[in-house]
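Asker: Dropping the structure in here first, questions after.
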Amino acid sequence: MSFKIIENNSAIPMQQIPVLNYEAFFEASSALLSREHCHCVNYYAVPESGGLRLICCIADDHTHKILVGSFIRSNDDTSAIESLTNRHFSMHIFEREIHERFGIEFSGHPWLKPVRFPFDKKDKNSHFGNYPFYSIKSHELHEVGVGPIHAGIIEPGHFRFICNGEKVLHLEIHLGFQHRGVESLMPIHKSLLQQTILAESIAGDTVAGHNTAFINAMEALAGITVSENIHISRTIACELERIAMHTADLSALCTDVAFQLGSAVLQSLRTIIINTFMIWCGNRFARKLLRCGYEPYPLTPDLVNKIRQNLDTFEKRYVEVMDKTMDMPSVLARFDNTGIVSREQSRMIGTVGMAARTTGIIRDIRISHPYSFYHQMTHETITLQGGDVKVRAKIRDLEVRQSLKYIREMLEKYDPVTNEDTFPVPVSLKPDMFVVSLAEGWRGEICHCAITGKDGLLAQYKIKDPSMHNWIALALAVRNNDISDFPVCNKSFNLSYCGYDL
Amino acid sequence: MIRTIKIVKHQGKQFIRDLQNVNLPDLHTGKPVISGDPCKPDCRSCKEICPVQAISTQPVSIDMGRCVFCRECIVCPEKIISFSNEYKIASNEPGLLKVHSRTGAITFNPDLIRDEIHRMFGGSLKLRLVSDGSCNGCELELNASDNVNFDMSRYGIEFVASPRHADGVVVTGALVENSIRALELTYEAIPAPKIVIAVGACAISGGIFQSSKALNRSFFEKHKPDLYIPGCPPHPLTIIDGILKLTGRIK
Numbered sequence: 264m265s266f267k268i269i270e271n272n273s274a275i276p277m278q279q280i281p282v283l284n285y286e287a288f289f290e291a292s293s294a295l296l297s298r299e300h301c302h303c304v305n306y307y308a309v310p311e312s313g314g315l316r317l318i319c320c321i322a323d324d325h326t327h328k329i330l331v332g333s334f335i336r337s338n339d340d341t342s343a344i345e346s347l348t349n350r351h352f353s354m355h356i357f358e359r360e361i362h363e364r365f366g367i368e369f370s371g372h373p374w375l376k377p378v379r380f381p382f383d384k385k386d387k388n389s390h391f392g393n394y395p396f397y398s399i400k401s402h403e404l405h406e407v408g409v410g411p412i413h414a415g416i417i418e419p420g421h422f423r424f425i426c427n428g429e430k431v432l433h434l435e436i437h438l439g440f441q442h443r444g445v446e447s448l449m450p451i452h453k454s455l456l457q458q459t460i461l462a463e464s465i466a467g468d469t470v471a472g473h474n475t476a477f478i479n480a481m482e483a484l485a486g487i488t489v490s491e492n493i494h495i496s497r498t499i500a501c502e503l504e505r506i507a508m509h510t511a512d513l514s515a516l517c518t519d520v521a522f523q524l525g526s527a528v529l530q531s532l533r534t535i536i537i538n539t540f541m542i543w544c545g546n547r548f549a550r551k552l553l554r555c556g557y558e559p560y561p562l563t564p565d566l567v568n569k570i571r572q573n574l575d576t577f578e579k580r581y582v583e584v585m586d587k588t589m590d591m592p593s594v595l596a597r598f599d600n601t602g603i604v605s606r607e608q609s610r611m612i613g614t615v616g617m618a619a620r621t622t623g624i625i626r627d628i629r630i631s632h633p634y635s636f637y638h639q640m641t642h643e644t645i646t647l648q649g650g651d652v653k654v655r656a657k658i659r660d661l662e663v664r665q666s667l668k669y670i671r672e673m674l675e676k677y678d679p680v681t682n683e684d685t686f687p688v689p690v691s692l693k694p695d696m697f698v699v700s701l702a703e704g705w706r707g708e709i710c711h712c713a714i715t716g717k718d719g720l721l722a723q724y725k726i727k728d729p730s731m732h733n734w735i736a737l738a739l740a741v742r743n744n745d746i747s748d749f750p751v752c753n754k755s756f757n758l759s760y761c762g763y764d765l
Numbered sequence: 067m068i069r070t071i072k073i074v075k076h077q078g079k080q081f082i083r084d085l086q087n088v089n090l091p092d093l094h095t096g097k098p099v100i101s102g103d104p105c106k107p108d109c110r111s112c113k114e115i116c117p118v119q120a121i122s123t124q125p126v127s128i129d130m131g132r133c134v135f136c137r138e139c140i141v142c143p144e145k146i147i148s149f150s151n152e153y154k155i156a157s158n159e160p161g162l163l164k165v166h167s168r169t170g171a172i173t174f175n176p177d178l179i180r181d182e183i184h185r186m187f188g189g190s191l192k193l194r195l196v197s198d199g200s201c202n203g204c205e206l207e208l209n210a211s212d213n214v215n216f217d218m219s220r221y222g223i224e225f226v227a228s229p230r231h232a233d234g235v236v237v238t239g240a241l242v243e244n245s246i247r248a249l250e251l252t253y254e255a256i257p258a259p260k261i262v263i264a265v266g267a268c269a270i271s272g273g274i275f276q277s278s279k280a281l282n283r284s285f286f287e288k289h290k291p292d293l294y295i296p297g298c299p300p301h302p303l304t305i306i307d308g309i310l311k312l313t314g315r316i317k
């Protein structure tokens with residue numbers, strides 16, 4: 264095997280990442296990606312002296328390992344290289360990103376379009392005004408452009424539909440409006456606190472998810488191990504976040520199909536969960552809660568009781584309203600058979616997380632590459648078949664119920680009396696190391712890759728939000744649906760703009 | 067039908083009747099409290115730890131327009147800095163967001179409130195949101211401001227779907243090059259007179275992104291905000307309180 268085999272959150276020296284020539288790299292990654300249980304979690308380019316190092320990380324769900332390989336491309340080399348997307352469509356977004364940032368041509372890539380118009384893009388003439396939209400010359404068809412600013416409190420993004428009457432034939436999603444330069448800021452910020460706050464700000468709805476990935480990466484690079492208590496509280500935070508966001512999305516789905524009761528009740532239920540974060544750490548979205556190497560807000564016996572009480576209050580009303588919602592003919596008429604993504608499509612485009620699990624694919628980092636407390640838990644991945652809006656609502660419902668159970672179990676195991684590790688510890692990263700940190704946010708798989716320099720500081724940081732894989736699933740889901748069903752399809756995925764734009 | 071009645075009964079009344087006197091949990095990081103004690107000579111521990119350069123020392127002051135409310139500055143060996151759960155922290159002048167030992171409640175500068183704001187927007191205010199390089203945190207709280215708990219629309223304050231229907235624009239995010247044109251166009255499309263509200267540390271100062279090359283903050287140079295709502299993200303109560311004060315609904 265020409266790829267180095269590593270584990271989630273285990274740092275390795277940079278020189279241990281094998282360097283292949285492109286042909287060997289291409290064949291090796293292609294062979295891996297042909298296996299159904301393997302998928303690419305990150306493929307990106309790192310500038311090195313005189314050229315670029317392209318690193319590809321492929322996760323193997325069976326062996327629970329990650330395979331890492333790389334190749335080097337000199338700056339003088341302007342020739343095109345063969346596109347992996349040709350054989351494995353799920354690679355399309357990674358190659359597009361590399362092309363946009365560094366200008367490498369991938370021959371045979373069907374769709375080498377801009378991803379997010381970063382400030383450090385290669386082609387300075389590429390901008391929002393000349394985005395190459397797919398279009399059809401026809402007198403019968405028409406185009407509908409929506410955004411970047413949308414009709415509500417929502418982030419910016421542009422959606423271009425090609426419609427035949429009310430039917431959507433094609434949707435192209437063009438993002439980048441939220442690009443803040445997160446990845447480039449990571450090494451610029453020198454203090455760990457700044458970097459942590461930046462990690463919390465990758466996506467404000469996935470604070471615990473992204474911060475867990477960041478903290479795990481830093482702890483691996485610094486060789487810090489933390490107590491079981493800390494692992495438990497981090498895992499509780501991630502599961503609470505899952506409950507909060509799934510509930511918010513279920514509420515939004517009810518709003519979109521004009522089911523006022525479900526919308527109002529679920530809104531107030533989400534408030535209970537995020538107010539639980541408030542009494543725990545003083546912020547409703549788990550900011551400040553997770554820190555590298557220590558636990559600034561340990562759970563006290565009193566707090567454990569309050570969390571239990573809140574979960575009980577939540578569950579009683581939640582079960583009642585969700586059972587009713589999923590029983591309502593007027594709701595089901597809108598959810599059922601709307602926005603279908605087939606299993607074949609899902610596999611081809613490489614969806615992750617919740618969206619993949621609605622098409623019968625077991626893709627869940629909590630079980631394939633466990634981290635934090637998931638090592639000790641017997642987690643069972645929920646998968647459903649069908650891939651429509653109803654199934655995406657249903658899986659959220661089931662995952663909320665599952666997370667409630669998990670949090671209660673973890674609260675049993677947490678020791679609120681002996682709270683050690685509540686003070687910051689010195690964190691010094693080992694030089695010239697590489698780490699991959701995978702975490703399962705509520706949307707799906709989060710991947711952070713970090714490289715340290717000779718000075719033991721962060722040299723490169725790469726972030727992949729699950730939305731990178733899943734936006735194209737939304738584009739496929741709305742095909743052959745009425746355009747009026749777009750909002751409900753969109754909410755059923757609720758993908759991240761800021762996590763994609765970075 | 068019986069199930070529906072049960073759900074409604076169990077839901078009860080969730081809305082907060084009096085938004086002016088809510089006692090948030092003690093841990094809620096609101097207005098900083100700075101004691102009048104002198105700093106230790108040459109001590110810069112709070113200034114050094116602050117991730118967003120919000121603190122100046124000798125004497126200590128915290129700029130809430132920059133602050134991301136991470137609470138780390140309580141490391142101060144003299145315990146000069148602490149945080150209260152006071153959520154009424156919005157103002158219409160950036161200078162008034164700088165908290166020092168003599169700061170009482172955060173106030174508004176009445177001279178900066180244009181005449182038409184009380185007169186025209188005091189009874190009803192329709193707003194358009196533009197998220198311009200944000201992390202979605204402020205959007206979640208803006209959404210929450212009008213949920214069944216906080217119910218901002220009881221005051222006639224609502225977010226609308228088109229700038230043509232709006233009286234002002236709410237800006238979240240650090241203001242990035244990629245969105246600046248969309249923001250300008252939205253502002254242009256709003257009929258005059260109109261207001262600008264900056265929500266969150268990123269909008270007010272750039273926050274944790276202030277040194278990023280992707281930013282373009284020229285919009286606020288041209289159109290000075292009428293209201294600054296600090297926080298990371300601001301609590302819905304802070305947002306509602308700020309808007310009510312700007313429009314003269316409360317003092």
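Heads up: the protein sequence lines correspond to chains A and B, in order. First residue of the first sequence: 264, per our numbering; consecutive thereafter. First residue of the second sequence: 67, per our numbering; consecutive thereafter. Every residue, glycine too, gets a C-beta built ideally from N, C-alpha and C.
For a contact meaning CB atoms closer than 9 Å, what does Leu283 (chain A) contact in chain B?
Answerer: By Cβ distance, chain B contributes nothing, its closest Cβ being about 33 Å from Leu283 (chain A), past 9 Å.
Asker: Could you tell me which residues DSSP puts in a beta bridge with Val236 (chain B)?
Answerer: According to DSSP, which records beta bridges pairwise, Val236 (chain B) is partnered with B:Leu195 and B:Ile263.
Asker: Cα separation between Phe540 (chain A) and Phe577 (chain A)?
Answerer: Answer to the nearest angstrom: the Cα atoms are 14 Å apart.
Asker: Should Lys288 (chain B) go down as buried or exposed, given a rule of 16 or more other Cβ atoms within 10 Å for buried?
Answerer: Exposed.
Asker: In whole angstroms, give me the CA-to-CA distance for Val304 (chain A) and Asp684 (chain A).
Answerer: Taking the straight line joining both Cα atoms gives about 32 Å.
Asker: Quick one: complete alpha helix (DSSP H) runs, 4+ long, within the segment 576 to 626 of chain A?
Answerer: Here the runs fully enclosed are 592 to 598, 606 to 612 and 616 to 620.
Asker: Report the partner residues of Phe225 (chain B) according to the DSSP bridge assignment.
Answerer: Phe225 (chain B) pairs with B:Leu193.
Asker: Verify the CB distance criterion: does Pro750 (chain A) have a CB-CB separation below 8 Å to chain B?
Answerer: Pro750 (chain A) does not count as touching chain B.
Asker: Can you tell me whether DSSP reads Asn427 (chain A) as helix, strand or coil?
Answerer: Note: Asn427 (chain A) maps to strand in three-state DSSP.
Asker: What is the C-beta distance between Cys139 (chain B) and Cys109 (chain B), in whole angstroms, given that I count them as a contact (C-beta under 8 Å)?
Answerer: Contact doesn't hold; Cβ gap of about 12 Å is too wide.
Asker: Rank A:Asp660, A:Ala466, A:Gly556 and A:Glu607 by C-alpha distance to the C-alpha of Ala549 (chain A) and give the top, closest one.
Answerer: Measuring from the Cα of Ala549 (chain A), the nearest candidate turns out to be A:Ala466.
Asker: Can you name the start and end residues of the alpha helix (DSSP H) that Phe319 (chain B) belongs to?
Answerer: Any property of residue 319 (chain B) remains undetermined from this structure, which presents chain B solely from 67 to 317.
Asker: Name the one or two DSSP bridge partners that Gln723 (chain A) has.
Answerer: Bridge partners of Gln723 (chain A): A:Ile714.
Asker: Can you tell me which of A:His452, A:Val652 and A:Lys384 puts its alpha carbon nearest to the alpha carbon of Gln276 (chain B)?
Answerer: Of the candidates A:His452, A:Val652 and A:Lys384, the one whose C-alpha sits nearest the C-alpha of Gln276 (chain B) is A:His452.
Asker: Which residue or residues does DSSP assign as beta-bridge partners of Met277 (chain A)?
Answerer: Per DSSP, none; premise fails for Met277 (chain A).
Asker: Would you list, in chain order, the members of the segment 442 to 453 of chain A that have their beta-carbon closer than 9 Å to a beta-carbon of chain B?
Answerer: Answer in chain order: His442, Arg443, Gly444, Val445, Ser447, Leu448, Ile451 and His452.
Asker: Of all the options A:Arg533, A:Val528 and A:Glu446, which has the alpha carbon lying nearest to the alpha carbon of Glu504 (chain A)?
Answerer: Closest by alpha carbon: A:Arg533.
Asker: Residues of chain A with CB under 8 Å from Glu138 (chain B), in chain order?
Answerer: Here the neighbours are Leu456.
Asker: Give the interface partners of Pro296 (chain B) over in chain A, defined as CB-CB distance under 8 Å, in chain order.
Answerer: Here the premise fails: no neighbours, minimum Cβ distance about 14 Å.
Asker: Starting from the beta carbon of Gln80 (chain B), find every residue of chain A whose beta carbon is closer than 7 Å, and list them in chain order.
Answerer: Result: Ser531.
Asker: Can you name the start and end residues of the beta strand (DSSP E) that Arg132 (chain B) belongs to?
Answerer: Unbroken run through Arg132 (chain B): none, as it is neither H nor E.
Asker: Using the C-alpha atoms, what's the distance from Arg298 (chain A) back to Thr588 (chain A)?
Answerer: Those two C-alpha atoms are separated by around 39 Å.
Asker: Using C-beta distances below 8 Å, list every residue in its chain close to Ser273 (chain A), excluding the 5 sequence neighbours before and after it, in chain order.
Answerer: Closer than 8 Å at Cβ, skipping near neighbours: Ala483 and Val698.
Asker: What ranges does the beta strand (DSSP E) occupy inside the segment 414 to 466 of chain A, keeping only unbroken runs of at least 3 residues that lie completely in it?
Answerer: The segment 414 to 466 of chain A contains these whole beta strand (DSSP E) runs: 421 to 427 and 430 to 437.
Asker: Which residue from B:Asp103, B:Pro257 and B:Cys298 puts its Cα closest to that of Leu193 (chain B)?
Answerer: Nearest of B:Asp103, B:Pro257 and B:Cys298 to Leu193 (chain B), Cα basis: B:Pro257.
Asker: Answer with yes or no whether the minimum CB distance from Gly199 (chain B) to chain A is below 8 Å.
Answerer: Interface residue, yes.
Asker: Please report the distance separating the alpha-carbon of Ala267 (chain B) from that of Glu403 (chain A).
Answerer: C-alpha separation (whole angstroms): 48 Å.
Asker: Pick helix, strand or coil for Ala100 (chain B), following the three-state DSSP scheme.
Answerer: A small correction: the amino acid at residue 100 (chain B) is Ile; Ala does not occupy that position in the sequence shown. It is a strand residue.
Asker: With 9 Å as the C-beta to C-beta threshold (strictly closer), list the residues of the segment 266 to 288 of chain B near chain A in chain order.
Answerer: For the segment 266 to 288 of chain B, which is checked against every Cβ of chain A, the residues closer than 9 Å are Cys268, Gly273, Ile274, Phe275, Ser277, Ser278, Lys279, Ala280 and Leu281.
Asker: Count the other CB atoms within 10 Å of the CB of Ala308 (chain A); is the residue buried (16 or more) or exposed (fewer)?
Answerer: Counting Cβ neighbours within 10 Å, Ala308 (chain A) comes out buried, since at least 16 surround it.
Asker: Closer than 7 Å by beta-carbon distance: list the chain A residues that pair up with Gly203 (chain B), in chain order.
Answerer: Within 7 Å Cβ-Cβ: Gly467 and Phe548.
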